[in-house]
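The opening residue of the sequence shown carries number 1466 in our numbering; numbering runs sequentially from there. Where is the CB? At the ideal position from N, CA and C, for every residue including glycine. Read through the structure below, which is laid out as structure tokens, and then see the notes.
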Amino acid sequence: IHLKDLQLSARLEKNLILIDSFKALSGPGQIEGTALITLSGWRVTGYQGSIHGDNFQTVYFPELQLFSSPNLSFDGTSQKLTIRGELRLPELRIVGTQSHTVVAPSSDVIREGRAVPLAKSSPLVLDAQVRVLLGDKVFVKVAGIDAKLEGAIDLSFNRFDRISSRGEIKVVKGHYRTYGVDLEIVRGRLFFAGGAIDRPTLDFLALRSIGDVRAGVTVAGTLQRPVTKLYSEPAMPDVDILAYIVLGHPLGSSGQQASLVAQAAGVLLTSGQSVALQEQIKNRLGLSTLEIQGGAGGTVSAMGYKPLQVTPPGAIPAAQQPGITETVLTVGKYLTPQLYISYGRSLFTGSNLFRLRYDIYKQWQIETQTGSGESGVDLYYKLEFK
């Protein structure tokens, strides 16, 4: 931020420093205030004052822009600081992309040769109780969420790393966009019930409306452990709910549509819920396997039979993937317990690969394959470890 037109008017009287006024401009707003400082032999023994402001540009980064209108009073000594009042945020904009949190080592990990730093403690005791109110221009646009917020929370803390909060923040209007799907946030609330400020309780409902059908997700729990569930009006199986969210209609017999729904399940739901729903998709289509493989052979999501061999059924062996970065949908089915067929198709280039595998005798398998520009026969010997 750029401060300008700084002004300070102060007087020294015996053992007092009287700051009659101080003022600073930043952006479209300003802050001002007064203070009284008590001295003893040029040592500060006490102080008190107030800070007021309107639309003061407090933070300005590409990903975070904050304007504040404080109305605070403070007093204290060299050992303790007390803060009371209200902080209104007329404008707050948070813009960014979903970040990947770095996993920190456990607190009991000790690195050889490195001294353990002593815990730092501030000599100043804080006693702060501040009410924070959100204004009319509070927007969040991050990780697929585009929302306008309102509400107020009461903050209490004696250390900056231990802030407790009580209040509620609501989504006035907003959307959640992911995987090409635009869901309207029809209900969005964060409850602060007196615990840590980074652990609010979530209550969100995001829907997509198609005719008389409304399909979407609910989010509950906390920020650290959100619980996502599928929701629809009228009620329907989870597979159809997700199909309405992604496709706008119930799931048909198309394997490519099933792949889109399966990938969306991995994005919208937790891992356990995603696996269960993908299993429903596989059963709905009558398949033995359904998997989506992308990025040099990395599996995005898979379901069904998992053989105990290097190459799973339907997957393209690594030796036959010379640096590809395309996404391949593979569907497969056991015609008999010994005979398995699969068909794989690139979702981008249109290339395809057809496989047929037959269990010859116990651990021996023969597999033939043919497709765009390649064909061959492989003989496998399978080892099972129990």
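Whose CA, out of the options, lies closest to the CA of residue i?
i	options	result
Ala-1671	Asp-1677, Pro-1665, Arg-1664 and Ala-1685	Ala-1685
Glu-1478	Ser-1505, Glu-1497 and Glu-1649	Ser-1505
Glu-1698	Gly-1511, Ile-1675 and Lys-1827	Ile-1675
Phe-1669	Gln-1828, Val-1692 and Arg-1679	Val-1692
Val-1595	Trp-1829, Glu-1577 and Ile-1628	Ile-1628
Gly-1660	Asp-1626, Arg-1679 and Val-1637	Asp-1626
Asp-1519	Leu-1501, Glu-1649, Glu-1556 and Thr-1542	Glu-1556
Ala-1680	Ala-1608, Leu-1648, Gly-1836 and Thr-1542	Leu-1648
Ala-1475	Leu-1468, Ile-1466, Thr-1499 and Gly-1494	Thr-1499
Tyr-1696	Arg-1652, Ser-1533 and Arg-1690	Arg-1652
Leu-1848	Gly-1836, Glu-1839 and Trp-1829	Trp-1829
Gln-1842	Gln-1495, Leu-1821 and Tyr-1808	The question names Gln, yet the displayed sequence has Val at residue 1842. Among Gln-1495, Leu-1821 and Tyr-1808, the Cα nearest to that of Val-1842 is on Leu-1821.
Pro-1802	Tyr-1823, Thr-1835, Asn-1817 and Thr-1795	Tyr-1823
Pro-1665	Asn-1817, Leu-1620, Leu-1800 and Ile-1610	Leu-1620
Ile-1618	Gly-1609, Val-1605, Val-1607 and Gly-1632	Gly-1632
Thr-1795	Gly-1809, Tyr-1805 and Leu-1804	Gly-1809
Ser-1534	Lys-1545, Asp-1705 and Ile-1516	Ile-1516
Phe-1526	Ile-1484, Gly-1561 and Leu-1712	Gly-1561
Leu-1501	Val-1524, Phe-1539 and Ile-1466	Phe-1539
Ala-1700	Tyr-1826, Ser-1840, Glu-1528 and Asp-1677	Asp-1677
Val-1605	Leu-1800, Gly-1514, Ser-1816 and Ile-1650	Ile-1650
Gly-1639	Gly-1511, Val-1607 and Phe-1622	Val-1607
Any idea what DSSP makes of residue i, helix, strand or coil?
i	result
Leu-1707	helix
Phe-1689	Reading off the sequence, residue 1689 comes out as Gln, not Phe. Three-state result, Gln-1689: coil.
Trp-1829	strand
Phe-1487	strand
Gly-1578	coil
Ala-1569	coil
Lys-1847	coil
Leu-1589	coil
Gly-1492	coil
Leu-1712	coil
Gln-1544	coil
Pro-1802	coil
Ser-1840	strand
Pro-1702	coil
Thr-1790	With a pLDDT of only 38 at Thr-1790, under 50, the local geometry of the prediction cannot be trusted, and the value read off the model is given with reservation. Reduced to three states, the DSSP call for Thr-1790 is coil.
Asn-1480	coil
Ile-1466	coil
Ser-1816	coil
Ala-1475	strand
Thr-1835	strand
State the CB to CB distance for the pair residue i and residue j, rounded to an integer number of angstroms; the pair is presumed to be in contact (CB under 8 Å).
i	j	result
Gln-1522	Arg-1558	Between Arg-1558 and Gln-1522 the Cβ distance is about 12 Å, and since that is not below 8 Å, they are no contact.
Leu-1655	Arg-1624	At roughly 23 Å, the Cβ-Cβ gap does not stay under 8 Å, so Leu-1655 and Arg-1624 are not in contact.
Ile-1548	Ala-1593	4 Å
Leu-1552	Leu-1537	7 Å
Gly-1494	Phe-1532	6 Å
Val-1636	Leu-1614	6 Å
Ile-1831	Leu-1844	6 Å
Ile-1610	Tyr-1641	6 Å
Subject >> 3-residue-minimum beta strand (DSSP E) runs that sit fully inside the segment 1631-1684, ordered along the chain >> reply: The segment 1631-1684 contains, as complete beta strand (DSSP E) runs of 3+ residues, the segments 1646-1661 and 1666-1675 (chain order).
Original post:
Between the segment 1568-1576 and the segment 1586-1601, do three or more beta carbon pairs fall short of 8 Å?
Top reply: The segment 1568-1576 vs the segment 1586-1601: no contact.
**OP:** Please confirm if the segment 1487-1498 is in contact with the segment 1506-1513, defined as three or more CB-CB distances below 8 Å between the two stretches.
**Re:** Flag = no, the segment 1487-1498 and the segment 1506-1513 do not touch.
Original post:
Can you give, in chain order, each stretch of the beta strand (DSSP E) that sits fully within the segment 1592-1635 and has at least 3 residues?
Top reply: Fully enclosed beta strand (DSSP E) runs of no fewer than 3 residues occupy 1610-1624 of the segment 1592-1635, in order along the chain.
Original post:
Which residue spans inside the segment 1504-1536 form an unbroken alpha helix (DSSP H) run of at least 4?
Top reply: Within the segment 1504-1536, no run of alpha helix (DSSP H) at least 4 residues long lies entirely inside it.
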